[in-house]
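Contents: one structure, followed by commentary.
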Amino acid sequence: MDAVALLQIRQFFGQKKIFLLVLFLAIPIGLSGLVRAFGDLQGDGLELGMTYFLFFLYSQCVVPLLALLYGTGILNSELEGKTLTYLTTRPIAKWKIVASKYAAISACLLGAVLLSLLVSWILLKASGGARLFLGLAASSIGATLVYTAVFAALGSFFQKRPMIIGIVIGVVEFAISFIPALARRMTVTHFLRSLALRIIRPPHLEEIQPLAELAELGPSIAVVAGVIVLALGVAAWVASTREYVMAEQV
Amino acid sequence: MDALVSARNLTKLYGLVIGVNDVTLDIPKGVHGLLGPNGAGKSTLMKLITGQLVPTEGELQVLGERPWNNPSLFRRIGFCPEQDAFYSFLSALEFVTVLARMSGLSWSQAQGRAASALERVGATEFMNRKIATYSKGMRQRTKLAQALVHDPELLILDEPLSGLDPVGRREMTDLLNALAKEGKGILVSSHVLHEVQVVTKEFLLIYAGRVLASGNVHEIRALMNRHPHRITLRSPDGRHLAQQLVRDLPIAGIELDEEKGSFSVLTRDPAGFYDGLGRIVLESGLRVTEMVSEDDNLDAVFRYLVARD
Numbered sequence: 010m011d012a013v014a015l016l017q018i019r020q021f022f023g024q025k026k027i028f029l030l031v032l033f034l035a036i037p038i039g040l041s042g043l044v045r046a047f048g049d050l051q052g053d054g055l056e057l058g059m060t061y062f063l064f065f066l067y068s069q070c071v072v073p074l075l076a077l078l079y080g081t082g083i084l085n086s087e088l089e090g091k092t093l094t095y096l097t098t099r100p101i102a103k104w105k106i107v108a109s110k111y112a113a114i115s116a117c118l119l120g121a122v123l124l125s126l127l128v129s130w131i132l133l134k135a136s137g138g139a140r141l142f143l144g145l146a147a148s149s150i151g152a153t154l155v156y157t158a159v160f161a162a163l164g165s166f167f168q169k170r171p172m173i174i175g176i177v178i179g180v181v182e183f184a185i186s187f188i189p190a191l192a193r194r195m196t197v198t199h200f201l202r203s204l205a206l207r208i209i210r211p212p213h214l215e216e217i218q219p220l221a222e223l224a225e226l227g228p229s230i231a232v233v234a235g236v237i238v239l240a241l242g243v244a245a246w247v248a249s250t251r252e253y254v255m256a257e258q259v
Numbered sequence: 506m507d508a509l510v511s512a513r514n515l516t517k518l519y520g521l522v523i524g525v526n527d528v529t530l531d532i533p534k535g536v537h538g539l540l541g542p543n544g545a546g547k548s549t550l551m552k553l554i555t556g557q558l559v560p561t562e563g564e565l566q567v568l569g570e571r572p573w574n575n576p577s578l579f580r581r582i583g584f585c586p587e588q589d590a591f592y593s594f595l596s597a598l599e600f601v602t603v604l605a606r607m608s609g610l611s612w613s614q615a616q617g618r619a620a621s622a623l624e625r626v627g628a629t630e631f632m633n634r635k636i637a638t639y640s641k642g643m644r645q646r647t648k649l650a651q652a653l654v655h656d657p658e659l660l661i662l663d664e665p666l667s668g669l670d671p672v673g674r675r676e677m678t679d680l681l682n683a684l685a686k687e688g689k690g691i692l693v694s695s696h697v698l699h700e701v702q703v704v705t706k707e708f709l710l711i712y713a714g715r716v717l718a719s720g721n722v723h724e725i726r727a728l729m730n731r732h733p734h735r736i737t738l739r740s741p742d743g744r745h746l747a748q749q750l751v752r753d754l755p756i757a758g759i760e761l762d763e764e765k766g767s768f769s770v771l772t773r774d775p776a777g778f779y780d781g782l783g784r785i786v787l788e789s790g791l792r793v794t795e796m797v798s799e800d801d802n803l804d805a806v807f808r809y810l811v812a813r814d
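Each protein sequence line maps, in turn, to chains A and B.
Reading the first sequence from the start, the letters are residues 10 to 259 in my numbering.
Reading the second sequence from the start, the letters are residues 506 to 814 in my numbering.
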């Protein structure tokens, strides 16, 4: 296994951030438990409701927050911990360090997010069957990969307050995704939502969301993959050209 | 290319702040001390040499190659940074193994080499404990082990003796001497001359981002001796003592401070002065209640060299 990735995985589980991760992922589980305990898990619109409920919780709230937390720190956390020197003085290109750390963080986040999603789905009495889980899993995977890459790029650009800048961008993107017509097509959320809804195709969807307004499955995957490649390219390029030295170390 | 490090008009600016200023030097093979007070530019120069910083101007070659964005060069260089930072959730063995793996060794090779490097720095006893539990000395040894683990040609050691107790310091200097005998190129920085003069006699003096002088320790000592040392004395019989010192000892000047009840002596022969002072005190019965040698360090030499420039 790649040494940088292995080190990143050990960091992932060794840092205090893991408590935030557990907390964030416990929130949708808790809410699902409340819905099960006090809600009505029957009726025609159940599948559609569950789709929007879980998509909102995971792909629009929890996953972007976790990606923000881990993506912006992909090199910045090493810089703040003053351990980056150990990596940059080894015979490894900086873009490879970014790529390995991204792969390791994404793998850890995906495992945790999918586990949480599975528990939530089971708590909701597996509403919508395997297709619902599959659709939400696909959008969660897409969201994890794309937001982690975007926030990694952001973190490589901004060494100061990348989290605040990331929150602002996330909120703006979230808001734009609700604007009808062309504007929402400029957001990643639109394509993630299309991905989930195209796979799940819940009954009564057309009543609130005309299918024509959704992107097709292929283009949705292509756009998400394209943004991931672009963002990672930017992160790797910045890492390769930038001096990563804390002011107090000079 | 015989030089370990070769720089031509090397300059590094941090915005308007000068880190390294128009440095031209050739560091030949062997062991060299990089000497300068805190903030002199030692760490900046080391970061340039280890490819962490890109020169603003000028040329820099390390082992015949440019270090910036040249990862393959780092198979040949071992760097022990000054900062006391670690992945504290790892043990020393895990830490050094993973960094050895990053240096291109296979996992099995990396583990074997890590254990050997840790043994060499005297860390075997604690290498399986988490780094979070280590003392400063243990952490310094661990840092040195990661620099050694891939058997580099050139070791860049940034203040490796800082924070070590006398025993640890002795063990570390013995190790550096052994590495030097093996033919490793070593560049070791410090702000204290006597700390590194047990490892090498060859020094570069750096101050305010500039290499002011280079040479062996005797030349630097001579430079220090040419520059008058200031020794401040306090005595209830200050006036009498001062008169006797001026008459009998090699003194370049004397300054009285009536308010503090002390006087300062300037001498270019501190050893002769101390010998003579002891004799005078014994013979005359005059008392000395306090004696401080203010300039018995490199700062005076640095100030002198800057003024001379």
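Built from N, CA and C at the ideal position, the CB exists for glycine as well.
The structure displayed is predicted, hence computed values, not measured ones.
K748/B versus E760/B: straight-line alpha-carbon distance, rounded | Against the second sequence, residue 748/B aligns to sequence position 243. Against the second sequence, residue 760/B aligns to sequence position 255. The displayed chain sequence assigns Gln, not Lys, to residue 748/B. The straight-line gap from Cα to Cα measures roughly 12 Å.
How would you label T97/A, buried or exposed, when you count the other beta carbons within 10 angstroms and need 16 or more for buried?
-> On the first sequence, residue 97/A is found 88 positions in, with the first residue counted as 1. Buried.
Spatial neighbours of T153/A within its chain, please: CB distance less than 8 Å, with the 5 preceding and 5 following residues excluded, ordered by chain position.
-> For the purposes of this step, residue 153/A is taken as residue 144 along the first sequence, with counting starting at 1. V72, L75, A76, S115, L118, L119, V122, listed in sequence order.
Simplified DSSP state of T549/B, which is helix, strand or coil | Within the second sequence, residue 549/B is the residue found at index 44, counting from 1. Looking at T549/B - three-state DSSP - the assignment turns out to be helix.
Measure the CB-CB distance between P212/A and L50/A and report whether it falls below 8 Å.
-> Taking the first sequence and counting its residues from 1, one reaches residue 212/A at position 203. Taking the first sequence and counting its residues from 1, one reaches residue 50/A at position 41. For P212/A and L50/A, no; Cβs fall outside 8 Å.
Counting only beta-carbon atoms, is R580/B nearer than 8 Å to chain A?
-> Position 75 of the second sequence, counting from 1, holds the residue named residue 580/B. Yes, contact with chain A.
Indicate, with yes or no, if the ligand PLP has a heavy atom lying under 7 Å from the CB of S68/A.
-> With respect to the ligand PLP, the structure shown offers nothing to examine, as it has no ligands at all.
Endpoints, beta strand (DSSP E) assigned at N721/B | Reading the second sequence from its first residue, position 216 is the one you call residue 721/B. 715-721 is the span of the beta strand (DSSP E), which, as asked, contains N721/B.
What residue range is occupied by the uninterrupted beta strand (DSSP E) comprising Q566/B?
-> In the second sequence, residue 566/B corresponds to position 61, counting from 1. Start and end: 562-567.
Beta-ladder partner(s) of R739/B, from DSSP = For this step, residue 739/B is matched to residue 234 along the second sequence. Paired residue(s): S767/B, E795/B.
Does the distance from the CB of S577/B to the CB of P100/A come in under 8 Å?
-> Translated into positions along the second sequence, residue 577/B becomes position 72. Translated into positions along the first sequence, residue 100/A becomes position 91. Closer than 8 Å, so yes.
Report the neighbours of R606/B on chain A: residues whose CB is nearer than 7 Å to its CB, in chain order.
-> Working through the second sequence from its first residue, we reach residue 606/B at position 101. Per Cβ cutoff of 7 Å: A12.
Please check the pair A158/A and I237/A, which I expect to be a contact at CB under 8 Å, by giving their CB distance rounded to whole angstroms.
-> Here residue 158/A refers to the residue found at position 149 of the first sequence. Here residue 237/A refers to the residue found at position 228 of the first sequence. At roughly 5 Å, the Cβ-Cβ gap stays under 8 Å, so A158/A and I237/A are in contact.
Exposed unless 16 or more other CB atoms sit within 10 angstroms - verdict on M59/A | The residue given as residue 59/A occupies position 50 in the first sequence. M59/A counts as buried, since no fewer than 16 other beta carbons sit within 10 angstroms of its beta carbon.
Just the C-alpha distance for M677/B and Y95/A, rounded to the nearest angstrom, thanks.
-> Locating residue 677/B in the second sequence gives position 172, where the first residue counts as 1. Locating residue 95/A in the first sequence gives position 86, where the first residue counts as 1. Distance between the alpha carbons of M677/B and Y95/A: 21 Å.
Which chain B residues sit within Cβ distance under 8 Å of E252/A?
-> For the purposes of this step, residue 252/A is identified with residue 243 of the first sequence, where counting begins at 1. Simply Q557, L558, V559.
For the 8 Å Cβ check, are there 3 or more pairs between the stretch 650-666 of chain B and the stretch 633-640 of chain B?
-> No, they do not touch.
Residue closest to V13/A, alpha-carbon to alpha-carbon, out of L530/B, P533/B, L604/B | Counted from its first residue, the first sequence places residue 13/A at position 4. Nearest C-alpha to V13/A: L604/B.
Contact the stretch 536-556 of chain B vs the stretch 706-719 of chain B: 3+ CB pairs below 8 Å | yes
So, does the CB of A597/B fall closer than 8 Å to a CB anywhere in chain A?
-> Locating residue 597/B in the second sequence gives position 92, where the first residue counts as 1. Closer than 8 Å: no.
Interface positions of the stretch 79-103 of chain A facing chain B (Cβ-Cβ less than 8 Å), listed along the chain | G90, K91, T92, T94, Y95, L96, T97, T98, R99, P100, I101, A102, K103
For A757/B, the nearest candidate out of R739/B, W612/B, F778/B (CA to CA) = Against the second sequence, residue 757/B aligns to sequence position 252. Out of R739/B, W612/B, F778/B, F778/B has the C-alpha closest to the C-alpha of A757/B.
L260/A burial status per 10 Å Cβ neighbour count (16 or more: buried) | This structure does not reach residue 260/A, given that chain A is present from 10 up to 259, and the question cannot be answered.
What residues from chain A crowd round Y639/B, counting only those whose CB sits closer than 7 Å?
-> As a first step, residue 639/B must be located in the second sequence, where it is residue number 134. The premise fails here: Y639/B is roughly 15 Å from chain A at the closest Cβ pair, so nothing lies under 7 Å.
Less than 8 Å between the CB atoms is what I'm expecting for L666/B and V626/B, so what's the real figure, rounded?
-> The sequence position of residue 666/B within the second sequence is 161, counting from 1. The sequence position of residue 626/B within the second sequence is 121, counting from 1. Contact flag wrong, Cβ pair sits at about 13 Å.
Can you check whether the CB of W104/A is closer than 8 Å to the CB of A240/A?
-> For the purposes of this step, residue 240/A is taken as the residue at position 231 of the first sequence. For the purposes of this step, residue 104/A is taken as the residue at position 95 of the first sequence. It is not a contact, given that the beta carbons lie outside the stated cut-off.
Segments of 3+ residues assigned as beta strand (DSSP E) that fall wholly inside the stretch 601-672 of chain B | Counting only runs of 3 or more, we get 659-663.
Considering N526/B, what are the terminal residues of the beta strand (DSSP E) in which it resides?
-> Along the second sequence, read from residue 1 onward, the residue named residue 526/B stands at position 21. Its beta strand (DSSP E) spans residues 522-532.
When we look at the beta-carbon of G688/B and count the other beta-carbons within 10 Å, is it buried (16 or more) or exposed?
-> As a working mapping, residue 688/B is identified with position 183 in the second sequence. Classification of G688/B: exposed, given that the 10 Å Cβ count is below 16.
Interface residues of chain C around R140/A at Cβ under 7 Å?
-> Given the protein chain composition of this structure (A and B), no chain C is represented.
Among residues of its own chain, excluding the 5 on either side of S596/B, which ones have a beta-carbon nearer than 7 Å to its beta-carbon?
-> The residue labelled residue 596/B in the question sits at position 91 within the second sequence. Once the five neighbours on either side are set aside, the close Cβ partners of S596/B are M632, N633, R634, K635, I636.
Does the Cβ-Cβ distance between L133/A and R45/A come in under 8 Å?
-> Locating residue 133/A in the first sequence gives position 124, counting from the first residue. Locating residue 45/A in the first sequence gives position 36, counting from the first residue. Going by C-beta atoms, L133/A is nearer than 8 Å to R45/A.
Cβ-based burial, R792/B [other Cβ within 10 Å; buried from 16] = Counting from 1 along the second sequence, the entry for residue 792/B is found at position 287. Classification for R792/B: exposed.
Is there at least one Cβ from chain A nearer than 8 Å to P833/B's Cβ?
-> This structure cannot settle anything about residue 833/B, because the visible part of chain B is limited to 506 through 814.
Cα-Cα separation, L692/B to L539/B | The sequence position of residue 692/B within the second sequence is 187, counting from 1. The sequence position of residue 539/B within the second sequence is 34, counting from 1. The straight-line gap separating the alpha-carbon atoms of L692/B and L539/B is approximately 7 Å.
Can you tell me the Cα-Cα spacing of R675/B and L34/A, whole angstroms?
-> Counting from one through the second sequence, the residue named residue 675/B turns up at place 170. Counting from one through the first sequence, the residue named residue 34/A turns up at place 25. Approximately 52 Å, taken between the alpha carbons.
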